[in-house]
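Position 241, counted from 1, in the sequence shown is what numbering that gives the first Met the number 0 calls 240; the numbers after and before it change by one each time, with no gaps. Read through the structure below, which is laid out as structure tokens, and then see the notes.
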Amino acid sequence: MISQLSKIYPSLQVYTQGASAADPDYKWFSAADGVVVGIHETELAQKDLSLLSAFLTPYNPKFPIHTDEEKKWLAAVNSSTPEEAIEFPLDSLYRFVHFSIQEKQISPVAFKHAVNDFTAQQVSILWENDHEGILVEHMAKEDGPISYDEIIDILMSDLYVKIRFFVGPFRDSLTLAAAHYRSVIETAKMMGIYSNKTVTGYVDAVPYLLIGQTEEHVLSDIRQTILQAYQDDEETIKMLQTFVRNNLNISETSKALHMHRNSLQYRLDRFHENTGIDVRKFDHAMAVYLAILIEK
């Protein structure tokens, strides 16, 4: 087919991934066998583009060529794909992991190479744009799940670029995969607004999801009812937030705040006396934490 096309379009060239940057004056297409070809735009009228797009897949050379596995997943997460058309078998649990990297800091090709160098498995990547996308991770029985907390610092150090991961839950079925895919992306974007952590997960997102589903006047009432006179007391808010994040542990919290544990005990007692809420009890602590998050 390539030789036939070259007779019609003399400018045709085959793109080698990893070579110098592809000529932006060319339109690029991927064939079924993975070969990527480009044709200079001066040789392409609209009817040519329509015809070529019917037999070939338009291709952006900034991105790696899709593997067969990635093509399966792209079909599975496409909302227009009928459920019965998703036929490939699952031999392990999987999860969607959203990533975002600084724009124009690293090419998608280089990022994919780096991710695969850090993982024991070849991870499928579904790109949303040139700096965001979804990793499809399978649960490897011999190695267990990837620990993104462990690899992210090394990955960022090696690539000289800031990265954020949102780790979705493991799933054992492709049922409603497209809806789950969109949900992971939307939740990841929400966490990018509310949290400055480089790695977050679904459990981290639950409080924000609940807040996001609640009407504004109810949120305002919750904050007023729980925090009362302490709503604008930044020092007390920081103390309560640190206490919850340190699993209601007095010793760990006092270390984090550089405060004597007796002083911390006294301030928690004062909060209890003034509000009737004992943050040392789990259900009370959860209510306080949610009330603090509402401000954000």
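Every residue, glycine too, gets a C-beta built ideally from N, C-alpha and C.
* Contact set for residue 113: own chain, Cβ-Cβ below 6 Å, skip 5 residues either direction -> Taking the first residue of the sequence shown as 1, we reach residue 113 at position 114. In the same chain as residue 113, and ignoring 5 residues on each side of it, the C-beta atoms closer than 6 Å to its own belong to 158, in chain order.
* Asked: So is residue 257 buried or exposed if we call it buried at 16+ other beta carbons inside 10 Å?
  -> Numbered from 1 along the sequence shown, position 258 holds the residue referred to as residue 257. Exposed, by the Cβ-count rule.
* Have a look at residue 28 and residue 6 and give me their C-alpha separation to the nearest angstrom. => Along the sequence shown, read from residue 1 onward, the residue named residue 28 stands at position 29. Along the sequence shown, read from residue 1 onward, the residue named residue 6 stands at position 7. Roughly 17 Å between the two C-alpha positions.
* With a floor of 3 residues, list each beta strand (DSSP E) that falls wholly inside the segment 175-256, ordered by position along the chain. => 198-200
* **Residue from 188, 4, 85 and 22 whose Cα sits closest to the Cα of residue 100** => Counting from 1 along the sequence shown, the entry for residue 100 is found at position 101. Comparing alpha-carbon positions, the option among 188, 4, 85 and 22 lying closest to residue 100 turns out to be 188.
* To do: Measure the CB-CB distance between residue 180 and residue 145 and report whether it falls below 8 Å.
  => Along the sequence shown, read from residue 1 onward, the residue named residue 180 stands at position 181. Along the sequence shown, read from residue 1 onward, the residue named residue 145 stands at position 146. Not closer than 8 Å, so no.
* Continuous alpha helix (DSSP H) stretch holding residue 278: start and end -> Locating residue 278 in the sequence shown gives position 279, counting from the first residue. For residue 278, there is no enclosing alpha helix (DSSP H), since its DSSP letter is neither H nor E.
* **Proximity to residue 155 [Cα-Cα], best of 25, 110, 287 and 182** => For this step, residue 155 is matched to residue 156 along the sequence shown. Looking at the Cα atoms, 110 is the closest of the given residues.
* Pick helix, strand or coil for residue 117, following the three-state DSSP scheme. => Within the sequence shown, the letter at position 118 stands for residue 117. Correct three-state label for residue 117: helix.
* To do: Give the DSSP-derived three-state secondary structure of residue 153 in the structure shown.
  => For the purposes of this step, residue 153 is identified with residue 154 of the sequence shown, where counting begins at 1. Taken through DSSP and simplified to helix, strand or coil, residue 153 comes out as helix.
* Asked: Apart from the five residues just before and just after residue 232, which ones in its own chain have a Cβ nearer than 7 Å to its Cβ?
  -> Stepping through the sequence shown from its first residue, residue 232 is reached at position 233. Here the set comprises nothing.
* Asked: Cβ atoms of residue 139 and residue 120: under 8 Å apart, would you say?
  -> On the sequence shown, position 121 is the one that residue 120 refers to. On the sequence shown, position 140 is the one that residue 139 refers to. Going by beta carbons, residue 120 and residue 139 fall inside the 8 Å limit.
* Whole angstroms is fine: what's the gap from residue 286's alpha carbon to residue 169's? => Start at 1 with the first residue of the sequence shown, and residue 286 comes out as number 287. Start at 1 with the first residue of the sequence shown, and residue 169 comes out as number 170. Computed Cα separation, rounded: 28 Å.
* **Rounded C-alpha distance that separates residue 245 from residue 186** => On the sequence shown, residue 245 is found 246 positions in, with the first residue counted as 1. On the sequence shown, residue 186 is found 187 positions in, with the first residue counted as 1. When rounded, the distance between both Cα atoms is 24 Å.
* Asked: residue 26 lies in the alpha helix (DSSP H); which residues open and close that run?
  -> By 1-based counting over the sequence shown, the position of residue 26 is 27. Premise fails: residue 26 lies in the beta strand (DSSP E), 25-29, not in any alpha helix (DSSP H).
* To do: Would you list the one or two residues that DSSP bridges to residue 123?
  => Sequence index remark: in the sequence shown, residue 123 carries index 124 (1-based). Note: residue 123 sits in a beta bridge opposite 135.
* Asked: Per DSSP, what kind of secondary structure is residue 128 in: helix, strand or coil?
  -> For the purposes of this step, residue 128 is identified with residue 129 of the sequence shown, where counting begins at 1. Strand at residue 128.
* Sub-8 Å separation of residue 75 and residue 85 beta-carbons -> For the purposes of this step, residue 75 is taken as the residue at position 76 of the sequence shown. For the purposes of this step, residue 85 is taken as the residue at position 86 of the sequence shown. Closer than 8 Å, so yes.
* What are the boundary residues of the beta strand (DSSP E) that includes residue 100? -> Your numbering for residue 100 matches position 101 in the sequence shown. Start and end: 93-100.
* Asked: DSSP three-state call for residue 57: helix, strand or coil?
  -> Locating residue 57 in the sequence shown gives position 58, where the first residue counts as 1. Residue 57 falls in the strand class under three-state DSSP.
* Would you say residue 11 and residue 34 are within 8 Å of each other, going by their C-beta atoms? -> On the sequence shown, residue 11 is found 12 positions in, with the first residue counted as 1. On the sequence shown, residue 34 is found 35 positions in, with the first residue counted as 1. For residue 11 and residue 34, no; Cβs fall outside 8 Å.
* Look at residue 151 and residue 165 and say whether their C-beta atoms are less than 8 Å apart. => Reading the sequence shown from its first residue, position 152 is the one you call residue 151. Reading the sequence shown from its first residue, position 166 is the one you call residue 165. Cβ distance not < 8 Å, so residue 151 and residue 165 don't count as in contact.
* Got a sec, what are the start and stop residues for the beta strand (DSSP E) residue 12 sits in? -> Indexing the sequence shown from 1 puts residue 12 at position 13. Where residue 12 is concerned, the enclosing beta strand (DSSP E) stretches over 12-14.
* Asked: Going by Cα to Cα distance, which pick from 161, 147, 143 and 69 is closest to residue 296?
  -> The first residue shown for the chain is 0 and the last is 295, placing residue 296 beyond what the model contains.
* Mind the definition here: the segment 271-278 touches the segment 224-238 only if three or more C-beta pairs lie below 8 Å; say whether that holds. => yes
* To do: Could you check how far apart the C-beta atoms of residue 293 and residue 236 are, in whole angstroms? I think they sit under 8 Å.
  => Translated into positions along the sequence shown, residue 293 becomes position 294. Translated into positions along the sequence shown, residue 236 becomes position 237. Actually they are not in contact, since the Cβ atoms of residue 293 and residue 236 sit about 11 Å apart, beyond 8 Å.
* To do: Check each candidate in 124, 81, 107 and 52 and name the one with the smallest Cα separation from residue 67.
  => By one-based count along the sequence shown, residue 67 stands at place 68. Comparing Cα positions, the closest option is 124.
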